[in-house]
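Q:
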Amino acid sequence: MPGVRLPGLGAFQVWGSSTDVGKTLLSAGLAANSGNYLRNLRYIKPVQTGYPDDDDSLFVKRHAKPQRDVDVKVLLGYRDPVSPHRAVEASKAIEDSKLIQLVSEEIGRTSDSSISLVETAGGVLSPAPSGSLQADVYRPLRMTAVLVGSGQLGGISETLSAYESLLIRGYDVPVVFVFGTEHENHKAIDKAVDANVLVAPSPPPKTEPLTKYFEEDGLREAFSSTCKTIASYMNSTESRLRTLSEEAKDHIWWPFTQHATTNKVTTIDSAFGDDFTVATTDPKDKVNLSTQFDACSSWWTNGLGHGNPKLALEAAKGASRYGHVIFPEVAHQPAVDLTNLLLDNVGSTWADRVFFTDNGSTAVEVGLKMILRKRANDLYGRRDEYPWKNMKVIALEESYHGDTLGVMDCSPSSVFNATQMPWYKPNGIFLDPPTVSMRHSQWIIEGDKVLEKHGERKDLFAMEKRLTSSLAEDYRQQIKAVLASEEPEVIGGLLMEPVLQGAGGMRFIDPLYQRILADECQRTGIPVMVDEVFTGLWRLGAPSASQMLGIKPDVAAFAKLLTGGLLPLSVTLASDEIFKVFEGKKKEEALLHGHSYTAHPIGCQVAVHALQEYGKRFSGSGQQPQYWDNQMCKDISSMPNVNGVVNLGTVLAVRLAGSGSGYTATGSVAVTQALREKGIYARPLGNTVYLMCSPVTEVQKCDELISELKQTLSHVLEVREPAIAV
Numbered sequence: 105m106p107g108v109r110l111p112g113l114g115a116f117q118v119w120g121s122s123t124d125v126g127k128t129l130l131s132a133g134l135a136a137n138s139g140n141y142l143r144n145l146r147y148i149k150p151v152q153t154g155y156p157d158d159d160d161s162l163f164v165k166r167h168a169k170p171q172r173d174v175d176v177k178v179l180l181g182y183r184d185p186v187s188p189h190r191a192v193e194a195s196k197a198i199e200d201s202k203l204i205q206l207v208s209e210e211i212g213r214t215s216d217s218s219i220s221l222v223e224t225a226g227g228v229l230s231p232a233p234s235g236s237l238q239a240d241v242y243r244p245l246r247m248t249a250v251l252v253g254s255g256q257l258g259g260i261s262e263t264l265s266a267y268e269s270l271l272i273r274g275y276d277v278p279v280v281f282v283f284g285t286e287h288e289n290h291k292a293i294d295k296a297v298d299a300n301v302l303v304a305p306s307p308p309p310k311t312e313p314l315t316k317y318f319e320e321d322g323l324r325e326a327f328s329s330t331c332k333t334i335a336s337y338m339n340s341t342e343s344r345l346r347t348l349s350e351e352a353k354d355h356i357w358w359p360f361t362q363h364a365t366t367n368k369v370t371t372i373d374s375a376f377g378d379d380f381t382v383a384t385t386d387p388k389d390k391v392n393l394s395t396q397f398d399a400c401s402s403w404w405t406n407g408l409g410h411g412n413p414k415l416a417l418e419a420a421k422g423a424s425r426y427g428h429v430i431f432p433e434v435a436h437q438p439a440v441d442l443t444n445l446l447l448d449n450v451g452s453t454w455a456d457r458v459f460f461t462d463n464g465s466t467a468v469e470v471g472l473k474m475i476l477r478k479r480a481n482d483l484y485g486r487r488d489e490y491p492w493k494n495m496k497v498i499a500l501e502e503s504y505h506g507d508t509l510g511v512m513d514c515s516p517s518s519v520f521n522a523t524q525m526p527w528y529k530p531n532g533i534f535l536d537p538p539t540v541s542m543r544h545s546q547w548i549i550e551g552d553k554v555l556e557k558h559g560e561r562k563d564l565f566a567m568e569k570r571l572t573s574s575l576a577e578d579y580r581q582q583i584k585a586v587l588a589s590e591e592p593e594v595i596g597g598l599l600m601e602p603v604l605q606g607a608g609g610m611r612f613i614d615p616l617y618q619r620i621l622a623d624e625c626q627r628t629g630i631p632v633m634v635d636e637v638f639t640g641l642w643r644l645g646a647p648s649a650s651q652m653l654g655i656k657p658d659v660a661a662f663a664k665l666l667t668g669g670l671l672p673l674s675v676t677l678a679s680d681e682i683f684k685v686f687e688g689k690k691k692e693e694a695l696l697h698g699h700s701y702t703a704h705p706i707g708c709q710v711a712v713h714a715l716q717e718y719g720k721r722f723s724g725s726g727q728q729p730q731y732w733d734n735q736m737c738k739d740i741s742s743m744p745n746v747n748g749v750v751n752l753g754t755v756l757a758v759r760l761a762g763s764g765s766g767y768t769a770t771g772s773v774a775v776t777q778a779l780r781e782k783g784i785y786a787r788p789l790g791n792t793v794y795l796m797c798s799p800v801t802e803v804q805k806c807d808e809l810i811s812e813l814k815q816t817l818s819h820v821l822e823v824r825e826p827a828i829a830v
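So the numbering used here is basically just the index in the sequence shown, starting at one, shifted up by 104.
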């Protein structure tokens with residue numbers, strides 16, 4: 105699935121604030137006067153209704169002909185002169201993706217010395233043949249937009265609404281063109297928009313010929329100025345894209361990046377759905393745009409697709425209503441609504457309170473304060489100071505909970521902590537849990553040796569059956585021995601990533617082990633916290649990974665998918681027992697932690713919509729689709745250079761054979777580089793190659809991805825040596 109080449113700077117799109125505002129008139133004028141600015145202009149009408157009696161392409165060709173013989177094309181013609189979604193009621197509507205493909209292919213037929221003008225139908229938010237709003241349908245192509253506004257009474261509001269509808273969907277609108285000066289709409293519009301507003305005299309009545317009108321000097325000047333403005337904007341955009349990566353490389357300090365070995369920088373012009381739009385420069389210094397599938401889900405955050413217009417509208421709603429407001433002792437509707445949704449969903453049956461923070465690391469940091477205070481209070485009773493300096497948490501090997509100091513101390517020594525902070529001190533009892541992966545079509549549980557084999561993944565989560573097994577008893581005795589080996593006052597709580605460890609290499613922990621570990625800790629009064637920053641909110645196929653284990657934690661942290669992938673926001677859920685420990689008459693007894701932008705209304709507003717959307721999509725069936733084809737996973741698990749496969753929800757991870765392990769290993773780099781060459785933006789994770797879709801990715805797309813991964817593994821592992829990490 106090579107990345108799709110986009111029109112990019114080889115096309116622009118003419119929109120109208122409504123019907124009959126002069127889109128085709130402008131198109132004809134631009135075609136006739138494009139010579140000095142827009143090279144060999146072509147005209148494309150993707151959807152034409154009333155066809156062939158009404159044919160805008162012939163109008164453009166006829167009125168441009170005195171100056172130029174314009175190449176014109178209608179892609180879809182419908183006989184009924186009505187809105188496209190009604191015109192196709194008698195026949196099968198074309199899918200949005202197919203329409204986009206037709207437009208893209210037609211533009212692709214344009215030579216490098218030509219530029220395409222694509223004229224839309226009706227208004228900005230008029231329906232496409234499928235019924236989808238055309239501003240949403242054409243968004244994957246994100247062509248430069250020229251908006252034809254209205255010069256009539258009421259046209260100011262109409263034009264500004266159309267302009268904002270385009271902006272909020274991510275379009276660039278450098279030009280607003282208005283026919284008619286009688287009401288001086290253009291003056292009011294000019295004050296309200298960040299665009300070049302150009303104006304031309306009103307055309308004569310439709311009953312009169314347009315020959316003389318097109319010959320007016322003022323009109324030609326307006327058309328020529330518009331062509332010049334469009335060309336200037338597109339040229340400046342190309343220049344900016346050409347230098348963006350070098351500017352970034354010279355001045356930006358990227359996270360998790362060794363700059364000394366970073367050679368190639370990816371320039372992302374925009375993103376939509378599952379795809380990045382990536383800008384590259386060819387040997388002739390021409391900028392090209394193409395798509396790359398976001399196979400790392402933008403550090404595991406993409407929930408409802410990039411550039412989601414509904415999320416953008418919710419963000420605008422929150423920003424316009426509130427901006428940002430202080431949160432301590434304050435209630436605002438988005439925060440209250442989000443709290444209720446969380447408690448009814450991922451916190452159902454156990455959580456009573458929601459604490460807001462800004463990112464996953466701080467959400468876990470807050471949770472750590474919660475469980476340690478609870479444990480100290482249970483051990484020593486309420487007091488001003490606790491003898492808890494030697495308190496530790498039970499945690500897992502290869503764990504990662506973030507980069508703030510407290511949670512760094514909850515992970516074993518690694519590149520994430522020991523080399524980063526001189527104050528790092530591993531304050532944990534670190535258990536090495538049994539892991540699970542598919543090898544040769546079987547799910548194998550192993551610790552120091554192979555412990556069990558299962559034919560189906562669902563068997564691993566069959567807790568009622570597995571809790572009575574001999575393996576369960578072995579786990580139970582091991583865990584009891586660890587708890588008994590430490591003084592009670594040393595153990596402050598349990599902190600773990602449920603089911604799947606992310607930065608540790610996508611390690612699938614045996615669900616039975618984690619279930620028994622949580623059960624034994626709670627049985628002995630040790631508070632349990634789960635870090636669901638990565639695993640929560642449908643990432644693994646369920647609202648919560650804790651629910652997959654059948655546990656009710658005391659504290660849980662959520663973040664990455666909380667806002668659907670749009671904004672940073674995190675929450676820490678807690679039981680009422682945890683909350684009451686912080687109640688008291690003294691300020692210092694409270695949980696003294698917070699951020700300037702705590703519970704920002706914009707993020708809360710977006711998160712409410714995201715959770716509601718997840719609920720609509722998945723609550724009815726109770727589960728997500730099977731994203732990754734099971735037979736293909738089995739095939740990959742049987743490949744000679746593969747040590748194991750994990751497919752859980754939206755995550756597909758392949759552990760490669762070879763020397764080295766952990767985050768600094770480079771075994772996966774050659775594979776991820778090859779995938780990027782195929783239009784799949786993957787990131788290396790030690791010796792693990794992973795693909796991650798969003799919860800709303802189509803299964804068909806996942807089929808294409810896993811097929812490409814299989815082919816890449818077959819080829820690259822045979823012929824390439826590991827390269828330098830990127």
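Positions of the beta carbon are idealized from the N, C-alpha and C atoms, including for glycine.
(1) Would you list the residues sitting across from F534 in a DSSP beta bridge?
(2) Which word fits R627, buried or exposed, when buried means at least 16 other C-beta atoms lie within 10 angstroms of its C-beta?
(3) Three or more C-beta pairs under 8 Å: does that hold for the region 571–587 against the region 735–754?
(4) Closer than 6 Å by C-beta to L821: which residues in its own chain qualify, once you throw out the five before and the five after it? Chain order, please.
(5) Is the region 796–809 close to the region 373–388, with three or more CB pairs under 8 Å?
(6) Roughly how many angstroms lie between the CA atoms of G112 and P185, to the nearest whole one?
(7) Mapping the DSSP letters down to three states, classify L760 as helix, strand or coil.
(8) Would you mind working out which of D507, A249, G532 and S517 sits nearest V497, comparing C-alpha positions?
(9) With DSSP as the reference, label T384 as helix, strand or coil.
(10) Pop quiz: W454 and K127 are said to be a contact at Cβ under 8 Å. What is the actual Cβ separation, rounded to whole angstroms?
(11) Start and end of the beta strand (DSSP E) containing Y317?
(12) Per the DSSP calculation, K149 is bridged to which residue(s)?
(13) CB-CB under 6 Å to V178, same chain, minus the five flanking residues each way: which ones, in chain order?
(14) Mark E560 as exposed unless 16 or more other C-beta atoms lie within 10 angstroms of its C-beta, in which case mark it buried.
(15) Hey, could you find the ends of the beta strand (DSSP E) L673 is sitting in?
(16) Comparing alpha-carbon positions, which option in P156, Y147, G235 and A132 lies nearest S834?
(17) Using DSSP with H/G/I as helix, E/B as strand and the rest coil, what is C806?
(18) Taking 8 Å as the cut-off, decide whether the C-beta atoms of M633 and T792 are in contact.
(19) If you count every other CB in all the chains shown that lies within 10 Å of the CB of V90, and 16 or more means buried, which is it?
(20) Taking G753 as the reference, give the member of E288, K684, S648 and A774 with the closest Cα.
(21) Enumerated in chain order, which unbroken segments of the alpha helix (DSSP H) with a length of 4 residues or greater are wholly contained in the region 504–579?
(22) Assuming N392 is part of the alpha helix (DSSP H), what are its boundary residues?
(23) Taking Cβ to Cβ, would you say Q618 is nearer than 8 Å to P631?
(24) If you drop the 5 nearest sequence neighbours on each side, which residues of the same chain put their C-beta closer than 7 Å to that of P188?
(25) Return the bridge partner residues of P231 from the DSSP annotation.
(26) Give me the Cα-Cα distance between A69 and W404, rounded to the nearest whole angstrom.
(27) Going residue by residue through the region 730–757, where are the continuous alpha helix (DSSP H) segments of at least 4 residues, counting only ones entirely within it?
(28) So, using beta-carbon positions, are T395 and L110 closer together than 8 Å?
(29) For the alpha helix (DSSP H) holding W403, just list the boundary residues, first then last.
(30) Going by DSSP, what residue range makes up the beta strand (DSSP E) through T263?
(31) Use the C-beta contact count for W119: other C-beta atoms within 10 angstroms, 16 or more gives buried, fewer gives exposed.
(32) Do you know offhand how far Y242's Cα is from R143's?
(33) Using 8 Å as the threshold, is the C-beta distance between V450 and F662 below it?
(34) Below 8 Å between beta carbons: does that hold for L671 and I620?
(35) Going by C-alpha to C-alpha distance, which of K196, M247, L446 and F460 sits closest to S700?
(36) Taking contact to mean at least 3 C-beta pairs separated by less than 8 Å, is the region 334–342 in contact with the region 363–370?
A: The short version:
(1) As a position in the sequence shown, residue 534 is number 430, starting the count at 1. Under the DSSP definition of a beta bridge, F534 partners with A499.
(2) Along the sequence shown, one-based indexing puts residue 627 at 523. Flag for R627 reads exposed.
(3) No: fewer than three Cβ pairs fall under 8 Å.
(4) In the sequence shown, residue 821 corresponds to position 717, counting from 1. Close CB contacts of L821 within its chain, under the 6 Å cut and outside five residues either way in sequence, are with N745 (chain order).
(5) Between the region 796–809 and the region 373–388, the count of Cβ pairs shorter than 8 Å is three or higher; the stretches touch.
(6) Here residue 112 corresponds to residue number 8 of the sequence shown, with the count starting at 1. Here residue 185 corresponds to residue number 81 of the sequence shown, with the count starting at 1. If you take the alpha carbons of G112 and P185, they lie about 31 Å apart.
(7) In the sequence shown, residue 760 corresponds to position 656, counting from 1. In the structure shown, L760 sits in a strand (DSSP, three-state: E or B).
(8) For the purposes of this step, residue 497 is identified with residue 393 of the sequence shown, where counting begins at 1. Checked all of D507, A249, G532 and S517; the closest Cα to V497 is G532.
(9) Within the sequence shown, the letter at position 280 stands for residue 384. Three-state DSSP puts T384 in a strand.
(10) Your numbering for residue 454 matches position 350 in the sequence shown. Your numbering for residue 127 matches position 23 in the sequence shown. In this structure W454 does not touch K127 by the C-beta definition: roughly 57 Å separates them, more than the 8 Å allowed.
(11) The count along the sequence shown starts at 1 and reaches residue 317 at position 213. Per DSSP, Y317 lies in no beta strand (DSSP E) segment; the continuous alpha helix (DSSP H) that holds it begins and ends at T315 to E319.
(12) Along the sequence shown, one-based indexing puts residue 149 at 45. Paired residues: V178.
(13) Sequence index remark: in the sequence shown, residue 178 carries index 74 (1-based). Taken in chain order, the residues that qualify are K149, Q152 and S161.
(14) For this step, residue 560 is matched to residue 456 along the sequence shown. Around the beta-carbon of E560, fewer than 16 other beta-carbon atoms lie within 10 Å, marking it exposed.
(15) Here the question's residue 673 lines up with position 569 in the sequence shown. Unbroken run through L673: none, as it is neither H nor E.
(16) Nothing can be reported for residue 834: it is not among the residues displayed for the chain, which extend from 105 to 830.
(17) Residue numbering aside, residue 806 sits at position 702 when the sequence shown is read from its first letter. The answer is helix: DSSP assigns C806 an H, G or I state.
(18) Position 529 of the sequence shown, counted from the first residue, corresponds to residue 633. Position 688 of the sequence shown, counted from the first residue, corresponds to residue 792. No. Outside cutoff.
(19) Beyond the ends of the chain as shown, which are 105 and 830, falls residue 90; an answer cannot be given.
(20) On the sequence shown, position 649 is the one that residue 753 refers to. The closest CA to that of G753, considering only E288, K684, S648 and A774, is found on S648.
(21) Counting only runs of 4 or more, we get 509–512 and 567–570.
(22) For the purposes of this step, residue 392 is identified with residue 288 of the sequence shown, where counting begins at 1. Where N392 is concerned, there is no enclosing alpha helix (DSSP H), although the beta strand (DSSP E) around it starts and stops at V391 to D398.
(23) Here the question's residue 618 lines up with position 514 in the sequence shown. Here the question's residue 631 lines up with position 527 in the sequence shown. Going by C-beta atoms, Q618 is not nearer than 8 Å to P631.
(24) On the sequence shown, residue 188 is found 84 positions in, with the first residue counted as 1. Hits under 7 Å: V151, T153, Y182, A225, P231, A232 and P233.
(25) What you label residue 231 is simply residue 127 of the sequence shown in a count that begins at 1. For P231, DSSP records a beta bridge to L237.
(26) Only positions 105 to 830 of the chain appear in the structure, and residue 69 is not among them; the question remains open.
(27) Under the rule that a run must span 4 or more residues, the alpha helix (DSSP H) segments found entirely inside the region 730–757 read 734–741.
(28) For the purposes of this step, residue 395 is taken as residue 291 along the sequence shown, with counting starting at 1. For the purposes of this step, residue 110 is taken as residue 6 along the sequence shown, with counting starting at 1. Cβ distance < 8 Å, so T395 and L110 count as in contact.
(29) Numbered from its first residue, the sequence shown carries residue 403 at position 299. Element bounds for W403: S401 to W404.
(30) Reading the sequence shown from its first residue, position 159 is the one you call residue 263. Counted as a single uninterrupted DSSP element, the stretch harbouring T263 is not any beta strand (DSSP E) but the alpha helix (DSSP H) occupying residues G259 to L271.
(31) The count along the sequence shown starts at 1 and reaches residue 119 at position 15. That one is buried.
(32) Position 138 of the sequence shown, counted from the first residue, corresponds to residue 242. Position 39 of the sequence shown, counted from the first residue, corresponds to residue 143. So the two alpha carbons sit approximately 23 Å from each other.
(33) To locate residue 450, count along the sequence shown from 1; it is residue 346. To locate residue 662, count along the sequence shown from 1; it is residue 558. Contact flag set, yes.
(34) Looking up residue 671 in the sequence shown gives position 567. Looking up residue 620 in the sequence shown gives position 516. Cβ atoms of L671 and I620: not closer than 8 Å.
(35) Residue numbering aside, residue 700 sits at position 596 when the sequence shown is read from its first letter. The candidate whose alpha carbon is nearest that of S700 is F460.
(36) Flag = no, the region 334–342 and the region 363–370 do not touch.
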